[in-house]
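Q: First the structure, then my questions, so here it is.
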Amino acid sequence: MQQKKRIGTVGLGLMGSSIATCILAAGHPVTTLTNQIETAAEARARIMGYLQELQEEGILMEDPTVILNRLLITDNIALLQDHEVVIESITESAEEKKKLYHQLETVLEPTAIIGSNTSAIPVSFLQDGLQYPQRLFGIHWAEPAHITRFMEVICGNQSDPQLAEKVIALAASWGKEPSLLKKDIRGFITNRIMYAMLRESFFLVENGYATVEDVDRSLRNDLGYWITFAGPFRFMDLTGIPAYRTVMKDLFPELSNATEIPATMEDLVAAGAKGVSNAKGFYPYTLETAKKWEELFVQFSYEIRKLAEKYPQNIGEK
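According to this note's numbering, the stretch in the sequence shown is residues 4 to 321, in order.
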């Protein structure tokens, strides 16, 4: 694989390591900035494990050891000086992110692109106060970032559309199937739709219509069967548009429009539940079964990626 331009990342948590893996696997040398340099060895081992997984799955053809040698982990921000693209994946705090961007602007060229892996903070808010706000974009990844084909590129009010297209092209070269949000909106595409689904799911459970298990079962065996093949608009094309209008007229007025956090969620968080990461969630887990679910999710992520790649996003329509 021909070596490409070096790209910068910031943050070496699970998501940051996964993002670095994706970019390394696409052929770029990577400089990763961290404020916890003492965790560098641990992160390097984690990234090596991800690269080996990609090789085992037939996605990566190059020797993982060779690829890992292209990773530089540092706590010296000056080493990002000549980078044309830097992507941060630090804590979801607007204050911390803005602080980082101001630091990056002291070393980056005015034309360098800064990407923020934010899932909720409006990009326009993050742009405020920057010297060159037009080069900041939301670059929203999904977990596991080195496996999934998902990416959303979000423009803030001051983003340069031409730079946005450059990010889209770059994401495609990483093996992503990116979506572009031309205007900034909280939650972007997938989170807005997912949280509308979560709100309705809690409504059905908390009002006694169905159990957690039944909601999961229905969505897995209906939505789960077609959503990888087609998004909602393509699915309406495939299954007949007029029927959806009829259902919308009757159903929309009855859907939940609650604005408060569901009581079930509040109770779980108050009890310390984090999900499989601490074996406490909506379902009962042991440490062993929680770990098994994590392993199955990674396995499924590889398999669903391969399935999705068999079916194109379009078949040549204009």
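Think of the CB as a built atom: it goes at the ideal place given N, C-alpha and C, for glycine as much as any other residue.
Can you list the alpha helix (DSSP H) stretches of 4 or more residues lying completely in the segment 139–184, in chain order?
A: 164–176
Q: Quick test of the definition: if touching needs 3 or more C-beta pairs under 8 angstroms, does the segment 168–183 touch the segment 142–157?
A: Result yes; three or more Cβ-Cβ pairs closer than 8 angstroms.
Q: By how many angstroms is the C-alpha of Glu41 removed from the C-alpha of Glu168?
A: 37 angstroms
Q: Under 7 angstroms Cβ to Cβ from Pro67, same chain only, skipping five residues before and after it: list those, please.
A: Met51, Leu54, Gln55, Gln58
Q: State yes or no: is the C-beta of Ser304 within less than 8 angstroms of the C-beta of Ile150?
A: yes
Q: Assign Pro136 to one of three DSSP states: helix, strand, or coil.
A: Three-state result, Pro136: helix.
Q: Considering only C-alpha positions, which residue in the set Ile26, Leu111, Ile90, Ile62 is nearest to Ala71?
A: Sequence check: residue 71 is Leu here, not Ala. Here the closest residue by C-alpha is Ile26.
Q: Where in the segment 226–309 do unbroken runs of the beta strand (DSSP E), each at least 3 residues long, occur, reported from the N-terminal end onward?
A: none
Q: Is it the case that the Cβ atoms of Ile157 and Arg138 are separated by a distance below 8 angstroms?
A: no
Q: For Thr12, tell me which candidate among Arg47, Ile76, Val89, Asn79 has the shortest Cα-Cα distance.
A: If you compare the alpha carbons of Arg47, Ile76, Val89, Asn79 with that of Thr12, the shortest gap goes to Val89.
Q: Residues bridged to Ile117 by DSSP?
A: Val89, Leu139
Q: Pull up the CB-CB distance for Ile80 and Ala97, whole angstroms please, since I reckon it's below 8 angstroms.
A: Ile80 to Ala97, Cβ: 20 angstroms. No contact.
Q: Name the residue from Ala274, Leu207, Arg237 whose alpha carbon lies nearest to the alpha carbon of Gln260.
A: Sequence check: residue 260 is Asn here, not Gln. Distances from the alpha-carbon of Asn260 to those of Ala274, Leu207, Arg237 put Leu207 closest.
Q: From Trp229 to Thr289, what distance separates their C-alpha atoms?
A: 32 angstroms
Q: Given this structure, state the Cα-to-Cα distance separating Ala282 from Thr214, to the nearest angstrom.
A: 20 angstroms
Q: Specify the secondary structure class of Val33 as computed by DSSP and reduced to three states.
A: Val33: strand per DSSP, three-state reduction.
Q: Between Leu15 and the rest of its own chain, which residues show a CB-CB distance below 8 angstroms, the 5 nearest in sequence each way excluded?
A: Ala23, Thr35, Thr37, Gln39, Thr42, Ala43, Ala46, Ile76
Q: Would Phe223 be called buried (16 or more neighbouring beta carbons within 10 Å of its own) or exposed?
A: It should be pointed out that residue 223 corresponds to Arg in this sequence rather than to Phe. The residue in question, Arg223, is exposed, as its Cβ has fewer than 16 Cβ neighbours within 10 Å.
Q: Is the beta carbon of Val279 sitting closer than 8 angstroms to the one on Ala293?
A: A contact, by the Cβ cut-off of 8 angstroms.
Q: Quick check: the Cα distance between Glu112 and Glu60, rounded to an integer number of angstroms?
A: 38 angstroms
Q: For Lys100, count the other beta carbons within 10 Å of its own beta carbon; 16 or more makes it buried, fewer makes it exposed. Which is it?
A: buried
Q: Between the alpha carbons of Leu184 and Gln165, how many angstroms are there, rounded?
A: Spanning the two alpha carbons is a distance of roughly 13 angstroms.
Q: For Gly30, tell me which candidate among Asn210, Gln161, Leu299, Ile10 has the shortest Cα-Cα distance.
A: Ile10
Q: Compute the distance between the beta-carbons of Ile318 and Thr231, then report whether it is under 8 angstroms.
A: no
Q: In whole angstroms, give me the CA-to-CA distance for Leu74 and Gln316.
A: 32 angstroms
Q: Measuring straight from C-alpha to C-alpha, what distance separates Pro136 and Asp219?
A: 42 angstroms
Q: Ends of the alpha helix (DSSP H) at Thr68?
A: 67–71
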